[in-house]
Amino acid sequence: MKKIVPSAAPGLRFVRYEAEICAAIDQVLRSGHYILGPETEAFEAEFAKSMRTTHCIGCSSGTDAIALALAACGIGDGDEVLIPALTAPATAVGVLQSGACPRLVDVDPFTRGLDPETAASVVTPKTKAIVVVHLHGTPSEIHKLLAMAQRYNLLLIEDCAHAHGAMVGDRSVGTFGHAAVYSFFPTKNLGCPGDGGCVVTTDSDVARRTRDLRNFGTGAGKLPHRVGWNARPSELQFAILRVLLGHLKQGNRERCSFAAAYDEFLDDFKAPTGLLLPPRSEGSVFHQYAVECDERDALKYRLCEHGIDTGIHYDRALNQHPQIAGFLANSQDERFPVAEGLASRMLSLPIQPELRIYEDLIKTALARSMSFGAHRGAAQA
Ligand SMILES: *Cc1c(COP(=O)(O)O)cnc(C)c1O
236 MKKIVPSAAP GLRFVRYEAE ICAAIDQVLR SGHYILGPET EAFEAEFAKS
286 MRTTHCIGCS SGTDAIALAL AACGIGDGDE VLIPALTAPA TAVGVLQSGA
336 CPRLVDVDPF TRGLDPETAA SVVTPKTKAI VVVHLHGTPS EIHKLLAMAQ
386 RYNLLLIEDC AHAHGAMVGD RSVGTFGHAA VYSFFPTKNL GCPGDGGCVV
436 TTDSDVARRT RDLRNFGTGA GKLPHRVGWN ARPSELQFAI LRVLLGHLKQ
486 GNRERCSFAA AYDEFLDDFK APTGLLLPPR SEGSVFHQYA VECDERDALK
536 YRLCEHGIDT GIHYDRALNQ HPQIAGFLAN SQDERFPVAE GLASRMLSLP
586 IQPELRIYED LIKTALARSM SFGAHRGAAQ A
C-alpha cells in the first residue's frame, strides 16, 4: 500500500529554511575552514547560551558524545554505567565505546525514563555513572535521579538526544547532570542534514578533556591512560545547525501544539480501545508522540493501509537486542517488564511540525484504524 504521509521527513524542515541554510553553506564553502572553525565555535557558544550552561563541545555524533563525555569524566575500562532498558541502541554503544560496560535498569511506566528506585537497587561497587535518557522529549524524574546519584556517589550524564529545549521548571534539561549529550541526527528536534552531536557541561576540566578527546586526545586535556578519537564536527553541519537553532523554540512549540491536537482527538478512543496517550509533562518537547495500545502491530498495519506511516521507538528493550545483549553487565535471563511491555505496545505518530499539513488525513486514518477490538462491531454497524 502506498504511503502518503511519512513518519518523519527532515527534508521538509530543510526546505522550510532553505534560503537561510543555503546562505550558510555558501559562506562555509568560500571560507576555506571546514573542520574546527568559526561556525563550530559560534554554535557551541550559542547553544550553551540558549540553555544557560557554560561549555558546549561539538562533535561528530550523539553516540560519540556519550563516549567522549564518559571518558572525559574518567570513566572507562572496568566501570559499569547504568542506562535505561528502553532507549536507542546508541546509548549502549556510546557507553561501550568509552570502554565501560552498560547495565540496564527498567523504566518508569509513566515517564518511560529511568526509575530512580530500581536504579538504586542495582548499584554495585563497579557502578560509576548513570545515563538518564529524556525519552521522546519527556524529562525524566531528574531531581530524584540526581538525589539517587549523589547518594551512591555516581556521575549523572543526561542523554538529551530527544530533548533539545526541554525544560524542568525554569531550567533546561542537560544542565542537571555532570555532563549532557545531544545528537543532531537529521530527525531530532534540532537536526542537520548529516551527523553531529555535542557534549555540554559546567565543569571546565571535563570540557577541556572532551575538546582534546574529540581531536585524537594528544593535546592540552590529554588523559594519561587513554587515547582519543577523531570525533570532530563538520563546519558545514554546524553552520546549518546555527540557522536551525534559531528556529528550535518555534519548532518545539509547534510539536506541543500538534501533540495537544492529537490528545484532544484521541480522547474519545481511550475508553473503547484501551489506548493510552503519551505522558503530558510540562517542559516536554515531543520528539515523538508515542501512544500505547494492545494491538500495536495491527494499528500500525491499518494506518499504513490508509497511507500513514508510523514509527516504533523502540521495537525491543535493549536486553532483547541481539547485537547488544551480549555486551551488557546484566545476566542474559534478566527481564525488564516495563521496558519490554512498552516496546511491544508503543506506536509513534507523525509529530514533526512540517507534517501537520496532513493532520486531517492522519485523524481520518486513525478513526478508521481504531475501529477494531472492542469497538469493531459498533464501528462497522
Ligand atoms: C539519536 C540518539 C542518540 C545518538 O545518536 P547519533 O545518531 O549517534 O547522533 C543517542 N541516544 C538516543 C536516545 C538517541 O535517540
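In my numbering, the protein residues as written are 236 to 616.
Using N, Cα and C, we set each Cβ at its ideal position, and we do this for glycine too.
Closer than 7 Å to a non-hydrogen atom of ligand 1 - does that hold for the CB of Lys423?
The sequence position of residue 423 within the sequence shown is 188, counting from 1. Flag set: Cβ of Lys423 near ligand 1.
Return the first residue and the last residue of the alpha helix (DSSP H) that Arg446 is part of.
Locating residue 446 in the sequence shown gives position 211, where the first residue counts as 1. In the DSSP assignment, Arg446 falls within the unbroken alpha helix (DSSP H) covering Ser439 to Leu448.
Name the DSSP beta bridge partners of Pro337, please?
Position 102 of the sequence shown, counted from the first residue, corresponds to residue 337. In DSSP, Pro337 forms a bridge with Val316.
Taking Val526 and Leu501 to be in contact with their CB atoms under 8 Å, please state how far apart those CB atoms are, rounded to whole angstroms.
If you number the sequence shown from 1, residue 526 lands on position 291. If you number the sequence shown from 1, residue 501 lands on position 266. In this structure Val526 touches Leu501 by the C-beta definition: roughly 7 Å separates them, less than 8 Å.
Report the residue from Asn450, Ala259, Tyr417 and Arg251 whose alpha carbon sits nearest the alpha carbon of Thr298.
As a working mapping, residue 298 is identified with position 63 in the sequence shown. Considering only Asn450, Ala259, Tyr417 and Arg251, the residue with the shortest C-alpha distance to Thr298 is Tyr417.
With hydrogens ignored, establish whether the beta-carbon of Gly293 is closer than 7 Å to any heavy atom of ligand 1.
By 1-based counting over the sequence shown, the position of residue 293 is 58. No, the Cβ of Gly293 stays beyond 7 Å of every heavy atom of ligand 1.
Rounded C-beta distance between His369 and His413? I'm assuming under 8 Å.
By one-based count along the sequence shown, residue 369 stands at place 134. By one-based count along the sequence shown, residue 413 stands at place 178. Contact doesn't hold; Cβ gap of about 16 Å is too wide.
Classify His397 as helix, strand or coil using the three-state DSSP reduction.
Within the sequence shown, the letter at position 162 stands for residue 397. In the displayed model, His397 falls within coil according to three-state DSSP, outside both helix and strand.
So, with DSSP's three-state summary, where would you put Ala243?
Locating residue 243 in the sequence shown gives position 8, counting from the first residue. Looking at Ala243 - three-state DSSP - the assignment turns out to be coil, as it is neither helix nor strand.
On the CB-based measure, 16 or more other CB atoms within 10 Å of its CB, does Arg488 come out buried or exposed?
Locating residue 488 in the sequence shown gives position 253, where the first residue counts as 1. The residue is exposed, with fewer than 16 neighbouring Cβ atoms inside 10 Å.
Do you know offhand how far Tyr524's Cα is from Leu390's?
Within the sequence shown, residue 524 is the residue found at index 289, counting from 1. Within the sequence shown, residue 390 is the residue found at index 155, counting from 1. If I take the Cα positions, the gap works out to 30 Å.
By alpha-carbon positions, which one of Asn554, Leu553, Gly576 and Tyr536 ends up nearest to Leu584?
On the sequence shown, position 349 is the one that residue 584 refers to. Minimum Cα distance to Leu584 is reached at Tyr536.
Below 8 Å on the Cβ atoms is my guess for Ala320 versus Leu553; work out the distance and round it to an integer in Å.
Along the sequence shown, read from residue 1 onward, the residue named residue 320 stands at position 85. Along the sequence shown, read from residue 1 onward, the residue named residue 553 stands at position 318. That belief holds up - the Cβ atoms of Ala320 and Leu553 are roughly 6 Å apart, short of 8 Å.
Below 8 Å on the Cβ atoms is my guess for Pro374 versus Val340; work out the distance and round it to an integer in Å.
Taking the first residue of the sequence shown as 1, we reach residue 374 at position 139. Taking the first residue of the sequence shown as 1, we reach residue 340 at position 105. Not a contact, Cβ separation roughly 17 Å.
I'd like to check one pair, Thr410 with Thr288: are the Cβ atoms closer than 8 Å?
Position 53 of the sequence shown, counting from 1, holds the residue named residue 288. Position 175 of the sequence shown, counting from 1, holds the residue named residue 410. Yes, the pair counts as a contact, with Cβ atoms nearer than the cut-off.
When the distance is taken between beta carbons, is Glu274 closer than 8 Å to Arg477?
Your numbering for residue 477 matches position 242 in the sequence shown. Your numbering for residue 274 matches position 39 in the sequence shown. Contact: yes.
Taking 8 Å as the threshold (C-beta atoms), are Ser296 and Gly546 in contact?
For this step, residue 546 is matched to residue 311 along the sequence shown. For this step, residue 296 is matched to residue 61 along the sequence shown. Between Gly546 and Ser296, the CB-CB gap reaches or exceeds 8 Å.
Nearest residue (CA-CA) to Asp343, options Ala602, Ile318 and Asp405
One-based indexing of the sequence shown puts residue 343 at position 108. Among Ala602, Ile318 and Asp405, the Cα nearest to that of Asp343 is on Ile318.
Can you check whether the CB of Thr326 is closer than 8 Å to the CB of Ile301?
As a working mapping, residue 301 is identified with position 66 in the sequence shown. As a working mapping, residue 326 is identified with position 91 in the sequence shown. Yes, the pair counts as a contact, with Cβ atoms nearer than the cut-off.
With Thr362 as the anchor, note down where its beta strand (DSSP E) starts and where it stops.
Mapped onto the sequence shown, residue 362 falls at position 127. Taken as a continuous stretch (DSSP letters only), the beta strand (DSSP E) holding Thr362 covers Thr362 to Val368.
Over what stretch of residues does the alpha helix (DSSP H) that includes Ser579 continue unbroken?
Numbered from 1 along the sequence shown, position 344 holds the residue referred to as residue 579. In the DSSP annotation of this structure, the continuous segment of the alpha helix (DSSP H) that includes Ser579 starts and ends at Pro572 to Arg580.
Between which two residues does the alpha helix (DSSP H) holding Gly297 run?
Along the sequence shown, read from residue 1 onward, the residue named residue 297 stands at position 62. For Gly297, the uninterrupted alpha helix (DSSP H) run begins and ends at Gly297 to Ala307, by DSSP.
Among Phe473, Asp447 and Glu530, which residue has its Cα nearest to the Cα of Gly429?
Translated into the one-based positions of the sequence shown, residue 429 becomes position 194. Across the set Phe473, Asp447 and Glu530, the C-alpha of Phe473 shows the shortest separation from the C-alpha of Gly429.
DSSP state of Val434, grouped into three classes?
Counting from one through the sequence shown, the residue named residue 434 turns up at place 199. For Val434, the secondary structure class from DSSP, reduced to helix, strand or coil, is strand.
Following a CB-centred definition, is Gly429 positioned closer than 7 Å to any heavy atom of ligand 1?
Your numbering for residue 429 matches position 194 in the sequence shown. No, the Cβ of Gly429 stays beyond 7 Å of every heavy atom of ligand 1.
Run through DSSP, which three-state label would Cys257 get?
Here residue 257 refers to the residue found at position 22 of the sequence shown. Secondary structure at Cys257: helix, using DSSP grouped into helix, strand and coil.
With a threshold of 7 Å, establish whether the CB of Ala323 neighbours any heavy atom of ligand 1.
Stepping through the sequence shown from its first residue, residue 323 is reached at position 88. Yes - ligand 1 has a heavy atom lying nearer than 7 Å to the Cβ of Ala323.
At what residues does the beta strand (DSSP E) containing Gly293 begin and finish?
By one-based count along the sequence shown, residue 293 stands at place 58. Note, Gly293: beta strand (DSSP E), His290 to Cys294.
Excluding five sequence neighbours on each side, which residues of the same chain lie with their C-beta closer than 7 Å to the C-beta of His610?
As a first step, residue 610 must be located in the sequence shown, where it is residue number 375. Unreliable placement is indicated for His610, whose pLDDT of 44 sits below 50; the coordinate value is still reported in the next sentence. Hits under 7 Å: Pro507 and Thr508.
Among Asp529, Pro468, Asp312 and Tyr252, the one whose alpha carbon lies nearest that of Leu177
No answer is possible for residue 177: the residues shown for the chain start at 236 and end at 616.
Hey, how far is the Cα of Phe562 from the Cα of Ser333?
Taking the sequence shown and counting its residues from 1, the one referred to as residue 562 is at position 327. Taking the sequence shown and counting its residues from 1, the one referred to as residue 333 is at position 98. Phe562 and Ser333 have their alpha carbons spaced roughly 13 Å apart.
Straight-line gap, Gly481 to Asn565 (C-alpha atoms, nearest Å)
Position 246 of the sequence shown holds residue 481. Position 330 of the sequence shown holds residue 565. Whole-angstrom Cα-Cα distance: 42 Å.
Inter-residue Cα distance where the pair is Glu253 and Leu479:
Walking along the sequence shown from the start, residue 253 turns up at place 18. Walking along the sequence shown from the start, residue 479 turns up at place 244. Each residue's Cα considered, the two are about 10 Å apart.
Restricting to Cα atoms, I'd like to know which of Lys484, Gln385, Ser356 and Pro245 is closest to Gly400.
Mapped onto the sequence shown, residue 400 falls at position 165. Relative to the Cα of Gly400, the nearest Cα in the group Lys484, Gln385, Ser356 and Pro245 belongs to Lys484.
Ligand 1 and His371: does any heavy atom of the ligand fall closer than 7 Å to the residue's C-beta?
Counting from 1 along the sequence shown, the entry for residue 371 is found at position 136. His371 has its Cβ no nearer than 7 Å to any heavy atom of ligand 1.
Take the Cβ of Asp314 as the centre, count every other Cβ of all protein chains shown within 10 Å, and call the residue buried at 16 or more, exposed below.
Taking the first residue of the sequence shown as 1, we reach residue 314 at position 79. In summary, Asp314 is buried, with 16 or more beta-carbon neighbours lying within 10 Å of its beta-carbon over all protein chains present.
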